[in-house]
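Trainee: For the protein sequence lines, the chains are A and B, in the order given. So in the working numbering, spot 76 of the first sequence is number 80, and the numbers just go up one at a time. So in the working numbering, spot 300 of the second sequence is number 304, and the numbers just go up one at a time. Beta carbons are placed, not taken as given, at the ideal position from N, Cα and C, and that holds for glycine. Since the model is a prediction, treat every value here as computed from it, not as a measurement.
Number of protein chains: 2
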Amino acid sequence: MPDTNPLRLGIAGLGTVGVGVVKIVRKHAKLLEARAGRPIEIIAVSARSRDKDRGVDIARYDWEDDPVAMARRDDIDVLVELMGGSDGPAKAAVEAAIASGKHVVTANKALLAHHGQDLAAAAEKAGTVLRFEAAVAGGIPVIKALTEGLAGNEITKVMGVMNGTCNYILTRMEATHQGYNALFEEAHKLGFLEADPQLDVGGIDAGHKLSLLASIAFGTQVNFDAVELEGIEQISLRDIEEAAEMGYRIKLLGVAQMTGRGLEQRMSPCLVPAASPLGQLEGGTNMVVIEGDSVGQIVMRGAGAGEGPTASAVMGDVVDLARGLDISTFGMPASRLVPAKPATAAVPAAYYLRMELEDKPGALAKVAAALGEAGVSIDRMRQHGHQNTVAPVIVVTHRCSRAQIDAAMEGLAKTPVVKGETVAIRIEEV
Amino acid sequence: MPDTNPLRLGIAGLGTVGVGVVKIVRKHAKLLEARAGRPIEIIAVSARSRDKDRGVDIARYDWEDDPVAMARRDDIDVLVELMGGSDGPAKAAVEAAIASGKHVVTANKALLAHHGQDLAAAAEKAGTVLRFEAAVAGGIPVIKALTEGLAGNEITKVMGVMNGTCNYILTRMEATHQGYNALFEEAHKLGFLEADPQLDVGGIDAGHKLSLLASIAFGTQVNFDAVELEGIEQISLRDIEEAAEMGYRIKLLGVAQMTGRGLEQRMSPCLVPAASPLGQLEGGTNMVVIEGDSVGQIVMRGAGAGEGPTASAVMGDVVDLARGLDISTFGMPASRLVPAKPATAAVPAAYYLRMELEDKPGALAKVAAALGEAGVSIDRMRQHGHQNTVAPVIVVTHRCSRAQIDAAMEGLAKTPVVKGETVAIRIEEV
């Protein structure tokens, strides 16, 4: 018999997303009841400040100063954790909820990237369900697609642009012909950056998300530490414009792939074809690409952040719980998730290289020699007009390993005709 | 306690999709068990011919000549119906399965478009679950996204290109500069067409799918008869090339939208911007666009047909059932689905008109007058060089209602300078 009692929520965290959840529960009470088969009610809320004006009336809900105390209340069925942070109160509240037999819905990618395995095991032991659709790619129901809809597939690859702020900065650099610093400032003023901007522009936030997708896709224990991380701070307007001229766009792209050598997880700026779905992604939009042995390629696109989209993802999980969904956190029991051997840069690729060459006869030949010694062969090369005594040179290589590129970079650094640092960006033919 | 006994399947229909399902169950037995928490086994199969070579060994399964008898077997938990057809054995088998307390997974859009309401009510009464992910947009988990992932949203619009064969014909017409008939023949030779090609090119198959999405999206009873249907047979190479010159592509596009006047459902050729995700859809690929009040716009793309993708969708449903998912067929109890008032062409749009004009002074003025009398105003007009004594003229109108366009077409037909029939295609600014 399905449960027809109300599903009772305690919401910890009343920032943008928490307020969005309150609004949906209130506005769509009847619709949610029709869909879930039972009412969905907010019983208690907890946040830093009780009196802050949030544009929604929270006086009708019980207030708890301590989210852990709220998580333990007998009159809630689900803790909705929207505080964020990989440790501290968020972790304490989630653990308390699980220990006292409550389900958990969270948008907290940092928490799960660092403690997902333990929390999944704890939830299973307690017989509760831990869900996190809102933690990855905002409103796009990608956790559901991967865990449930595509459960008949061996997943071969997961890719995605999953940090809207980085994509905003990169697409605005191209559109406005301004450098990274100017657009970083713009994003900051618009409130697009996390309190610690490194989480965004350093690729950490997107790396968290990738590690969660990889766990579900490959049945492996979450291993965020094994994600090769590279942020977007080194991307110059020049690189964006050179890429555009060759038909590419630069995206902070995550790729997780099971290879013969182990699980490769990387989050780094890549050149992708401008005409591809990933290449055309503008602003804060996210895109996730999933490849499975039966389904082929599935592409999902939507808003990656913001009140409505993230609250929509939270509510998808809440309705699932109201309907009685019982599923393991990462799609199979925590005890069956295997530790994956990390494979660094296992998959070869073509690379874009940009360097400054001294304007001397034979300089290009020296570059070609340095690349050749590292086993890197040249697909295309273009030299621009001189700027003072140096000339910018762009090289597109044939497919090679990251190790070969690193060796080539070392060789180039030793070549006196190469001035400053050479930039190397992977080309992903998505 | 979750059920750890095997989930036992009876498969009715061993065409492309049925064989694909058998292959997945066999190849991924361990993976499926890990994900579902219990083994998934095929107990019995039924098809027209027992001895046909299908490339998979079916001798290990019980054979049933009669799918209805199979549906009633005590040793199956789920009927997987892959025979197709809105009535006849498919309907009889599904009804028998439900009546004897079995769950049903089907890829049969025609069956659900015609009998979905009754079957949903029967399944609920019997306490069984009826799922149909594979019936819409092949491998794209769109039923799941709409019913579950986006359950916190009031859905405002659903759009999609959901017949791969039509999209193949239209994109190949543009690529090869051949007319409709040549590409229809090509699609036929490649086995892309249904036994009754009208199901594809007449838009019926895609209309079935749209009516199912609309039911979930708007909480309404499936009403396929209210879908305004228009096929692609009237689309000429000339229209495709004219559209391309103006930055558009012609797609067989489905749109379902709740308007102030009722539920609009239409499946018809439309001009869409060539640079939009829908405009860029090539070949047999499908795309579904969902708009919700919180989530904004979600776009999902993937293979719309074929053994692997469709079997993937079937297996998604099967794994859901193994995990104990209990959900109403159309996302809420059948008794709560309301009959929606059909609203024909409620939403105004710009239109593309193509006509042949007699090459006489004042001819264009007469066209403008006929349009003006119908209340249709002209955004752009272009006249090409004469061909003999007639000149092709293209008009793009400002936004107007379908009724105004129909009145304009009537007026143009009465104008002696207009030769033959005027073509009118809606422009959807997606």
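Is there a Cβ from chain A that is less than 8 Å from the Cβ of glutamine 157(B)?
Mentor: According to the sequence shown, residue 157(B) is asparagine rather than glutamine. Yes, asparagine 157(B) lies at the interface with chain A (some Cβ there is under 8 Å from its Cβ).
Trainee: Once the 5 residues before and after isoleucine 173(B) are set aside, which same chain residues still bring their CB inside 6 Å of it?
Mentor: Contacts found: Leu187, Ala191.
Trainee: So with CB distances below 9 Å, who are the chain A contacts of lysine 148(B)?
Mentor: Result: Pro145, Lys148, Ala149, Glu152, Gly153.
Trainee: Alanine 428(A) by DSSP, collapsed to three states: which one?
Mentor: It is a strand residue.
Trainee: Just grab the DSSP bridge partners of threonine 289(A) for me.
Mentor: Partner(s): Ala307(A).
Trainee: Could you check if arginine 76(B) is buried or exposed, using at least 16 other CB atoms within 10 Å of its CB as the buried criterion?
Mentor: Looking at its Cβ environment, which holds 16 or more other Cβ atoms inside 10 Å, arginine 76(B) is buried.
Trainee: Among Ile144(A), Gly14(A), Asp55(A), which one has its Cα closest to the Cα of histidine 107(A)?
Mentor: For the residues Ile144(A), Gly14(A), Asp55(A), the minimum Cα distance to histidine 107(A) belongs to Gly14(A).
Trainee: For proline 420(B), which three-state DSSP category applies?
Mentor: The answer is coil: DSSP assigns proline 420(B) none of H, G, I, E or B.
Trainee: Smallest Cα separation from threonine 224(A): which of Ile302(A), Glu268(A), Ala378(A), Gly164(A)?
Mentor: For the residues Ile302(A), Glu268(A), Ala378(A), Gly164(A), the minimum Cα distance to threonine 224(A) belongs to Glu268(A).
Trainee: Could you tell me whether any Cβ in chain B is nearer than 8 Å to the Cβ of serine 316(A)?
Mentor: Yes, its Cβ sits closer than 8 Å to a Cβ of chain B.
Trainee: Can you tell me which residues form a DSSP beta bridge with cysteine 404(A)?
Mentor: According to DSSP, cysteine 404(A) bridges with Ala353(A).
Trainee: What does glutamine 208(B) reach in chain A if we use C-beta pairs closer than 9 Å?
Mentor: At residue 208(B) the sequence reads isoleucine, which differs from the glutamine that was named. Chain A residues near isoleucine 208(B): none, gap ~25 Å exceeds 9 Å.
Trainee: Would you give the residue range spanned by the alpha helix (DSSP H) that leucine 214(B) belongs to?
Mentor: Residues 208-222.
Trainee: Assuming aspartate 243(B) and isoleucine 429(B) make a contact with CB atoms under 8 Å, what is their CB distance in whole Å?
Mentor: That belief holds up - the Cβ atoms of aspartate 243(B) and isoleucine 429(B) are roughly 7 Å apart, short of 8 Å.
Trainee: Quick check on valine 146(A): does DSSP put it in helix, strand or coil?
Mentor: Residue state, collapsed to three classes: helix.
Trainee: Of the residues Glu360(B), Pro93(B), Val371(B), which one's Cα is nearest the Cα of threonine 393(B)?
Mentor: Nearest of Glu360(B), Pro93(B), Val371(B) to threonine 393(B), Cα basis: Glu360(B).
Trainee: Starting from proline 71(B), trace the alpha helix (DSSP H) both ways and give me its first and last residue.
Mentor: Residues 71-76.
Trainee: Once the 5 residues before and after valine 380(A) are set aside, which same chain residues still bring their CB inside 7 Å of it?
Mentor: The residues are Thr401, Cys404, Gln408, Ile409, Ala412.
Trainee: Start and end of the alpha helix (DSSP H) containing methionine 177(A)?
Mentor: Where methionine 177(A) is concerned, the enclosing alpha helix (DSSP H) stretches over 168-180.
Trainee: Quick check: the Cα distance between aspartate 79(A) and alanine 338(A), rounded to an integer number of angstroms?
Mentor: Their Cα atoms are separated by approximately 28 Å.
Trainee: Using DSSP's beta-bridge definition, name the partner residues of lysine 161(A).
Mentor: Its beta-bridge partners are Gln261(A), Glu295(A).
Trainee: Once you ignore the five residues that flank proline 313(A) on each side, which residues in its own chain have a CB closer than 6 Å to its CB?
Mentor: The answer, listed in chain order, is Gly142, Gly143, Ala307.
Trainee: Can you check whether the C-beta of threonine 15(A) is within less than 8 Å of a C-beta belonging to chain B?
Mentor: One detail in the question is off: residue 15(A) reads as isoleucine in this sequence, not threonine. Output row for isoleucine 15(A): interface = no.
Trainee: May I have the straight-line CA-CA distance separating alanine 218(A) from asparagine 185(B), to the nearest angstrom?
Mentor: If I take the Cα positions, the gap works out to 46 Å.
Trainee: Do we get a CB-CB distance below 8 Å when we pair glycine 92(B) with the residues of chain A?
Mentor: No, glycine 92(B) lies away from the interface with chain A (no Cβ there is under 8 Å from its Cβ).
Trainee: The beta strand (DSSP E) spanning glutamine 225(A) covers which residue range?
Mentor: It is not in any beta strand (DSSP E) - glutamine 225(A) carries neither H nor E in the DSSP assignment.
Trainee: Less than 8 Å between the C-beta atoms of leucine 233(A) and glycine 266(A), yes or no?
Mentor: Against a cut-off of 8 Å, the Cβ pair of glycine 266(A) and leucine 233(A) comes out as no contact.
Trainee: Starting from the N-terminal side, write out each stretch of the beta strand (DSSP E) that is 3 residues or longer and does not extend beyond the segment 306-351 of chain B.
Mentor: Here no run is fully enclosed.
Trainee: Taking DSSP's pairing of strands, which residues face glycine 266(A) in a bridge?
Mentor: Paired residue(s): Thr263(A).
Trainee: Can you have a look at arginine 34(A) and say buried or exposed, based on whether 16 or more other CB atoms are within 10 angstroms of its CB?
Mentor: Looking at the sequence shown, residue 34(A) is not arginine but lysine. So lysine 34(A) counts as exposed.
Trainee: Quick one: what's arginine 30(A) bridged to in DSSP?
Mentor: According to DSSP, which records beta bridges pairwise, arginine 30(A) is partnered with nothing at all.
Trainee: Could you check what DSSP says for histidine 107(B) in three-state terms: helix, strand or coil?
Mentor: Strand at histidine 107(B).
Trainee: Quick check: is the beta carbon of leucine 11(A) nearer than 8 Å to any beta carbon in chain C?
Mentor: Checking the listed chains, one finds no chain C in this structure; the protein chains it contains are A and B.
Trainee: Taking Cβ-Cβ distances shorter than 9 Å, what residues in chain B pair up with arginine 58(A)?
Mentor: Chain B residues near arginine 58(A): none, gap ~17 Å exceeds 9 Å.
Trainee: Where do the N-terminal and C-terminal ends of the beta strand (DSSP E) with aspartate 383(B) fall, by residue?
Mentor: 382-387 is the extent of the beta strand (DSSP E) around aspartate 383(B).
Trainee: In whole angstroms, give me the CA-to-CA distance for glutamate 37(A) and arginine 270(A).
Mentor: The alpha-carbon atoms of glutamate 37(A) and arginine 270(A) are separated by roughly 41 Å.
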